[in-house]
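So the protein lines, in turn, are chains A and D.
Sequential numbering from 6 applies to the first sequence in this note's numbering.
Sequential numbering from 12 applies to the second sequence in this note's numbering.
A quick write-up on the structure given underneath.
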Amino acid sequence: MTALAVLLLADSRLPNGGHAHSGGVETTVAAGFLSTVDDLELFLRGRLCTTAPVLAGFAAVACLLDDDADWRRWDRALSARIPSAALRTASRLQGGALLRTVAGMWPVPAGLRQLGRPHQPLVLGAATSAGGGSALDAAGLAVHHLLGGACSAAIRLLGLDPLAVAAVQAAVGGPGAEIARQAVLAAEIAVTSDDPSALAAVSAPLTELLAAEHAQQEVTLFAS
Amino acid sequence: MHREETQTVLPAARPRGRALRIGIGGPVGGGKTALVAALCRALSTELSVVVVTNDIYTTEDADFLRRNGVLADERIRAVRTGCCPHTAIRDDITANLDEVEELERLHDPDLVLVESGGDNLTATFSYGLIDRQIFVVDVAGGDKVPRKGGPGVTRSDLLVINKIDLAELVGADLDVMRNDSAAQRGDRPTVLISLRAEHGVAPVLDWVRRSLTAHRA
Ligand SMILES: Nc1nc2c(ncn2[C@@H]2O[C@H](COP(=O)(O)OP(=O)(O)OP(=O)(O)O)[C@@H](O)[C@H]2O)c(=O)[nH]1
Ligand SMILES: [Mg+2]
Numbered sequence: 006m007t008a009l010a011v012l013l014l015a016d017s018r019l020p021n022g023g024h025a026h027s028g029g030v031e032t033t034v035a036a037g038f039l040s041t042v043d044d045l046e047l048f049l050r051g052r053l054c055t056t057a058p059v060l061a062g063f064a065a066v067a068c069l070l071d072d073d074a075d076w077r078r079w080d081r082a083l084s085a086r087i088p089s090a091a092l093r094t095a096s097r098l099q100g101g102a103l104l105r106t107v108a109g110m111w112p113v114p115a116g117l118r119q120l121g122r123p124h125q126p127l128v129l130g131a132a133t134s135a136g137g138g139s140a141l142d143a144a145g146l147a148v149h150h151l152l153g154g155a156c157s158a159a160i161r162l163l164g165l166d167p168l169a170v171a172a173v174q175a176a177v178g179g180p181g182a183e184i185a186r187q188a189v190l191a192a193e194i195a196v197t198s199d200d201p202s203a204l205a206a207v208s209a210p211l212t213e214l215l216a217a218e219h220a221q222q223e224v225t226l227f228a229s
Numbered sequence: 012m013h014r015e016e017t018q019t020v021l022p023a024a025r026p027r028g029r030a031l032r033i034g035i036g037g038p039v040g041g042g043k044t045a046l047v048a049a050l051c052r053a054l055s056t057e058l059s060v061v062v063v064t065n066d067i068y069t070t071e072d073a074d075f076l077r078r079n080g081v082l083a084d085e086r087i088r089a090v091r092t093g094c095c096p097h098t099a100i101r102d103d104i105t106a107n108l109d110e111v112e113e114l115e116r117l118h119d120p121d122l123v124l125v126e127s128g129g130d131n132l133t134a135t136f137s138y139g140l141i142d143r144q145i146f147v148v149d150v151a152g153g154d155k156v157p158r159k160g161g162p163g164v165t166r167s168d169l170l171v172i173n174k175i176d177l178a179e180l181v182g183a184d185l186d187v188m189r190n191d192s193a194a195q196r197g198d199r200p201t202v203l204i205s206l207r208a209e210h211g212v213a214p215v216l217d218w219v220r221r222s223l224t225a226h227r228a
């Protein structure tokens, strides 16, 4: 049952708002930095070094937190790690969308629901816990969606060979899983010490800048 | 830039107020936006109307509606669909629900129109997003379209066959389209119109008014 619940959260068929977001791929393509499968692999490896530990850490935390935790505080701690308003908005839009869906599937902490549109990793982690999954599942899901959203957008925007993209996603899965494991260790310290500063706080300046520019564009296919 | 973005509190359950939500779908260029504009023009003096568009040119449809003076800008919202217009109206309706509910909260409308991005004959709305749906095809796409069927043609609540002014030019037989539609749709209504003609929207307007009455009952 738990395995199925986690798979459900990994499935892009679950209405989670993700299909309208490219994870930065659309704007990176527009800037001329990404056009081949090899570029995509580099892009994904870059995401694994920067955004992934942050998102995975917060997803793991949300899975470990008690229902009556101070969800707003953790939500703000994630905001502090996302410099651009555009990416904070993208995270909240997807968090709100996922919350809408999972609130009808399992009991979700009231403190999280009261935030309206919490950041996506918090909802993902809380949903993983509600479905019976572990903090490692939650961290893995965060990394999986980061990679999967970018891959699917690259296929749609560039016409890349989907089989070749699947191979790339599998290849970066190893390092991705390691990042999830490390994120869980950080999350356990953060929750035990009740201190978000134990969590990774890295970001990628170019990603943030391109996201801000994307939000200003007249014609974009993806919301971020 | 550094302000904390708003965290609007979502309603606990999906509100089912008095607003009637109508989805308008169909292939690219059939006349969806023209229909939205005609409906707004005819109804916005007597009813409170809001519109959500799913066009890839995010402000294109909004500009069109504003230019034509049919709707104030703040009554129109655009949703981006990540290259998959059908996903946004059927499989993952969350972004459209966000905008519909926000407009309902701000304007307490009688009528919400959701225009899908142009897609193919299989793209229909989920009834989790809308109450009724109109599928718009045009005669310029060929008179075989109703015979082909697909969920839009067979299951929509109203099938609009638009641009009948072009029928002769493209060699489309309107009787064939009418008969094939009836065969595909059973009791569901079909109207053949030209939005270019004066009062061309009237049959759709009648259907919307009847739907509103039924919805309020
Ligand atoms: N001749 C003729 N042209 C029409 C009619 N209705 C709409 N058009 C024209 O057809 C073109 C496409 O109309 P739109 O309303 O933009 O079509 P749409 O379905 O919204 O298109 P997308 O949103 O791009 O899928 C425009 O140039 C309209 O002026 C009609 O009844 N007759
Ligand atoms: Mg249109």
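Ideal Cβ positions, reconstructed from N, Cα and C, are used throughout, including at glycine.
No experiment lies behind these values; they were computed from the predicted model shown.
Euclidean distance between Cα positions of residue i and residue j
| i | j | result |
| --- | --- | --- |
| residue 101/A | residue 80/A | 13 Å |
| residue 162/A | residue 94/D | 8 Å |
| residue 209/A | residue 146/D | 44 Å |
| residue 20/D | residue 175/D | A caution first: residue 20/D carries a pLDDT of 46, below 50, which makes its placement in the model too unreliable to give a value. |
| residue 148/A | residue 33/A | 19 Å |
| residue 60/A | residue 159/A | 21 Å |
| residue 25/A | residue 157/A | 11 Å |
| residue 93/A | residue 86/A | 9 Å |
| residue 205/A | residue 109/D | 31 Å |
| residue 58/D | residue 194/D | 35 Å |
| residue 23/D | residue 111/A | Because residue 23/D sits at a pLDDT of 42, beneath the cut-off of 50, its placement in the model cannot be relied upon, and the following sentence gives the value as read from the coordinates. Each residue's alpha carbon lies about 14 Å from the other. |
| residue 187/D | residue 202/D | 13 Å |
| residue 149/D | residue 196/D | 17 Å |
| residue 182/A | residue 111/D | 38 Å |
| residue 27/A | residue 154/A | 6 Å |
| residue 223/D | residue 220/A | 37 Å |
| residue 25/D | residue 89/D | Legend: pLDDT at residue 25/D = 41, less than 50; position of this residue unreliable, no value from coordinates given. |
| residue 171/D | residue 215/D | 8 Å |
Residue i CB to nearest heavy atom of ligand 2 below 7 Å
| i | result |
| --- | --- |
| residue 92/D | no |
Three-state class that DSSP yields for residue i in the structure shown
| i | result |
| --- | --- |
| residue 130/D | strand |
| residue 146/D | strand |
| residue 20/A | coil |
| residue 64/D | strand |
| residue 52/A | helix |
| residue 87/A | coil |
| residue 203/D | strand |
| residue 38/D | strand |
| residue 66/A | helix |
| residue 169/D | strand |
Distance CB(residue i)-CB(residue j) smaller than 8 Å
| i | j | result |
| --- | --- | --- |
| residue 20/A | residue 104/D | yes |
| residue 89/A | residue 228/A | no |
| residue 152/A | residue 177/A | yes |
| residue 221/D | residue 121/D | no |
| residue 206/D | residue 41/D | no |
| residue 46/A | residue 173/A | yes |
| residue 127/D | residue 65/D | yes |
| residue 115/D | residue 125/D | no |
| residue 64/A | residue 129/A | yes |
| residue 153/D | residue 134/D | no |
Pick from the options that is closest to residue i, judged by C-alpha positions
| i | options | result |
| --- | --- | --- |
| residue 83/D | 91/D, 72/D and 92/D | 72/D |
| residue 107/D | 192/D, 137/D and 120/D | 137/D |
| residue 133/A | 145/A, 123/A and 122/A | 145/A |
| residue 202/A | 23/A, 74/A, 7/A and 78/A | 78/A |
| residue 184/A | 57/A, 72/A and 82/A | 57/A |
| residue 99/A | 117/A, 126/A, 54/A and 137/A | 126/A |
| residue 226/A | 99/D, 56/D, 61/D and 60/D | 99/D |
Closer than 7 Å: residue i CB and nearest ligand 1 heavy atom
| i | result |
| --- | --- |
| residue 39/D | yes |
| residue 134/A | no |
| residue 50/A | no |
| residue 177/D | yes |
| residue 206/D | yes |
| residue 147/D | yes |
| residue 182/D | no |
| residue 154/D | no |
| residue 142/A | no |
In chain order, what residues place their C-beta within less than 5 Å of a heavy atom belonging to ligand 4?
As presented, the structure is devoid of ligand 4, carrying ligand 1 and ligand 2 as its sole ligands.
Chain E contacts from the segment 82-99 of chain D (Cβ-Cβ distance under 9 Å)
In the displayed structure, chain E is absent; the protein chains listed are A and D.
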